[in-house]
Amino acid sequence: MRRTALPPDTLDASDRALINLLQDGLPMEPAPFARVARETGLSEDDVIARIARMRELGAITRFGPFLDAAAMGGAFCLCAMAVPADRFDEVVTLVNDHPEVAHNYERAHRLNMWFVLACERPEQIARTAAQIERETGLTVHLFPKLKEFFIGFRVDA
Amino acid sequence: MTIDSTDRRILTATASGLPLTPRPFAEVGSWLGLTEAEVLDRMDAMQDAGVIRRIALAPNHYALGMVANGMSVWDVTDDRAEELGAAVGNLPFVSHCYLRPRSLPEWPYNLFAMIHGSSRDEVEEKRAEIAALLGAACRAADILYSTRILKKTGMRLSEGG
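Read top to bottom, the protein sequences are chains A and B. Position one of the first sequence corresponds to residue 1 (UniProt numbering), numbered consecutively onward. Position one of the second sequence corresponds to residue 1 (UniProt numbering), numbered consecutively onward.
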C-alpha cells in the first residue's frame with residue numbers, strides 16, 4: 001500500500017468530491033454510477049474512469065462492500081500487544097498468519113502492535129486471541145467497541 | 001441475519017472490490033451465474049440487515065497527504081463518555097471514534113479517536129481541540145502514531161460454509 005503523499009495536483013476538485021460522496025455509499029441500483037454522475041455533474045464514464053484511476057494511483061485503498069461482522073452473527077475486536085523490539089518481525093508473521101486478522105498497525109507506544117480481528121462467530125475472537133497468546137507468549141489486550149460515533153473522512157473539495 | 005451460500009459467493013466475489021463498469025451488479029452476476037436482479041436483491045437485503053454497511057470507497061490517507069495518523073486515546077469519566085464521544089465524533093478531522101472498555105491497570109483510556117493530518121504538528125493542534133472540548137471530564141490522554149501498516153486486507157469470509 002502507498003505510504004507517501006501523491007503530488008498535490010494529482011487529484012482535481014471532481015476527484016475530491018467523489019472521495020467525499022462515495023464514502024457515504026453507492027446507491028444499490030442497476031446503474032449506480034449514472035446516479036453518482038447526475039449528482040456530481042460528471043458523465044457516467046468519467047465517474048468510472050476517475051475511480052479506476054484513483055484506485056490505480058493508490059489514492060483509495062478499496063472500493064466495494066464494507067461488511068459488518070456483527071450483523072451476520074460475528075464480531076470485530078481491536079486488540080493490542082506489547083511486542084519486544086527484537087521479536088517484532090517474528091510476532092508480525094505469527095499474528096498476520098491468522099485470516100481473522102483484518103488490519104494490523106505498528107504504533108509508537110509500549111503497546112506497539114494493534115490489530116483488528118474480524119470473525120464470523122463471536123466466540124472466535126476469544127479463541128483466536130488465546131491462540132495468538134499461546135503462539136507468541138504475549139498478552140493480547142481486547143478492546144471490543146462499546147459504541148461507535150462516526151466513520152468518514154473529508155477532503156477539501 | 002444468516003447469509004446463505006449464494007450470499008457468501010457474492011461477498012467473496014466482491015471482497016477485493018466492486019467491478020468498475022456501468023452495470024457492476026450484472027457483472028458480478030455474470031461471474032456467478034446469477035441475474036443482475038438476484039445480485040441486487042441479495043445485496044440490498046444484506047444492506048438492510050446491516051451485513052453490508054455500505055458499498056463505499058476507502059481513502060488512502062497517506063496518498064492524500066495525510067501522512068501523520070494518530071490514534072488519540074482519552075480517559076473520559078463514564079457518566080459523560082457517550083455525550084462527549086458523540087461530540088468528538090462530529091469533529092471533521094476525526095475519521096473513527098469509539099468507546100471501548102479500559103484494560104486496567106495497563107490501559108486507562110475508554111475513548112478512541114483517529115486523527116489524520118499532513119504533519120504531526122497539525123495532528124497535535126487537532127488533538128488540543130479535542131482536549132479543550134473534553135475539558136475536566138478527561139482525566140488522562142495519549143496519542144499513538146502509526147509507524148507501519150503491517151496488514152490491511154479487510155474482513156475475509158471463510159470459503160464454503
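Every residue, glycine too, gets a C-beta built ideally from N, C-alpha and C. Since the model is a prediction, treat every value here as computed from it, not as a measurement.
Cβ of residue i within 9 Å of any chain B Cβ
i	result
Ala157 (chain A)	With a pLDDT of only 49 at Ala157 (chain A), under 50, the local geometry of the prediction cannot be trusted, and the value read off the model is given with reservation. No, Ala157 (chain A) does not count as interfacial toward chain B.
Ile125 (chain A)	no
Glu90 (chain A)	no
Ile19 (chain A)	yes
Gly41 (chain A)	no
Leu6 (chain A)	yes
Glu29 (chain A)	yes
Thr61 (chain A)	yes
Arg55 (chain A)	yes
Pro84 (chain A)	no
Leu11 (chain A)	yes
Sequence-distant residues of its chain with Cβ nearer than 8 Å to residue i (five each side left out)
i	result
Phe63 (chain A)	Leu22, Ile51 and Arg55
Leu18 (chain B)	Pro24, Val28 and Ile55
Leu6 (chain A)	Leu57, Gly58 and Ala59
Gly161 (chain B)	In this prediction, Gly161 (chain B) scores a pLDDT of 39, lower than 50, which makes its location untrustworthy; the coordinate-derived value is nonetheless stated afterwards. Closer than 8 Å at the Cβ level, and outside the excluded window around Gly161 (chain B), lie Ser5 and Arg8.
Glu135 (chain A)	Leu94
Contact list for residue i against chain B, beta-carbon separation under 8 Å
i	result
Leu22 (chain A)	Ala56 and Leu57
Gly137 (chain A)	What Gly137 (chain A) touches in chain B: nothing, since even the nearest Cβ is about 17 Å away.
Ile48 (chain A)	Leu20, Thr21 and Pro22
CB contact check: residue i to chain A, cutoff 9 Å
i	result
Lys152 (chain B)	yes
Leu34 (chain B)	no
Val67 (chain B)	yes
Cys138 (chain B)	no
Val88 (chain B)	yes
Asp44 (chain B)	yes
Gly160 (chain B)	Bear in mind that the predicted position of Gly160 (chain B) carries a pLDDT of just 46, short of 50, making it unreliable; the figure below should be weighed with that in mind. It does not; no Cβ of chain A falls within 9 Å.
Gly17 (chain B)	yes
Ala141 (chain B)	no
Gly85 (chain B)	yes
Met131 (chain B)	It should be pointed out that residue 131 (chain B) corresponds to Ala in this sequence rather than to Met. For Ala131 (chain B), the answer is no, since every Cβ of chain A falls outside 9 Å of its Cβ.
Leu134 (chain B)	no
Contacts that residue i makes with chain B (C-beta to C-beta distance below 7 Å)
i	result
Ala25 (chain A)	Checking the displayed sequence, the identity of residue 25 (chain A) turns out to be Gly instead of Ala. The answer, in chain order, is Arg54, Ile55 and Ala56.
Pro122 (chain A)	Those within 7 Å of Pro122 (chain A) in chain B number zero; the least Cβ separation is about 14 Å.
Proximal chain A residues relative to residue i, where beta-carbon distance stays under 9 Å
i	result
Trp107 (chain B)	Ala80, Leu111, His141 and Phe143
Ile149 (chain B)	Met1, Arg3, His103, Asn104, Tyr105 and Glu106
Thr2 (chain B)	Met72 and Gly73
Sub-9 Å separation of residue i and residue j beta-carbons
i	j	result
Ala34 (chain A)	Pro22 (chain B)	yes
Ile132 (chain A)	Met81 (chain A)	yes
Lys147 (chain A)	Phe76 (chain A)	no
Ala81 (chain B)	Leu99 (chain B)	yes
Asn104 (chain A)	Asn96 (chain A)	yes
Met72 (chain A)	Met1 (chain B)	yes
Gly85 (chain B)	Val76 (chain B)	yes
Ser146 (chain B)	Gly89 (chain B)	no
Asn60 (chain B)	Thr61 (chain A)	yes
Per DSSP, the bridge partner or partners of residue i
i	result
Gly117 (chain B)	B:Ala68
Ser16 (chain B)	Answer by DSSP bridge pairing: none, since Ser16 (chain B) is not bridged.
Ser146 (chain B)	A:Arg107
Asp75 (chain B)	B:Ala140
Val101 (chain A)	A:Leu117
Met81 (chain A)	A:Met113
Partner residues on chain A for residue i, Cβ-Cβ distance less than 7 Å
i	result
Val51 (chain B)	Leu67, Asp68, Ala71 and Met72
Neighbour list for residue i in chain B, Cβ cutoff strictly below 9 Å
i	result
Ala52 (chain A)	Leu20
Residues of its chain near residue i, where Cβ-Cβ distance is below 7 Å and the 5 sequence neighbours each way are ignored
i	result
Ala131 (chain B)	Cys138 and Ala141
Ser14 (chain A)	Thr40, Leu42 and Arg50
Ala157 (chain A)	At Ala157 (chain A) the pLDDT is 49, less than 50, meaning the model places this residue with poor confidence and gives no usable figure here.
Val51 (chain B)	Met1 and Ile3
Close beta carbons around residue i, own chain, < 6 Å, minus the five adjacent residues each side
i	result
Ser119 (chain B)	Ala68
Interface partners of residue i on chain A, CB under 8 Å
i	result
Leu11 (chain B)	Pro65 and Leu67
Glu82 (chain B)	Lys147
Arg120 (chain B)	Those do not exist, as Arg120 (chain B) stays about 10 Å from chain A at its closest Cβ, beyond 8 Å.
Thr14 (chain B)	Gly64 and Pro65
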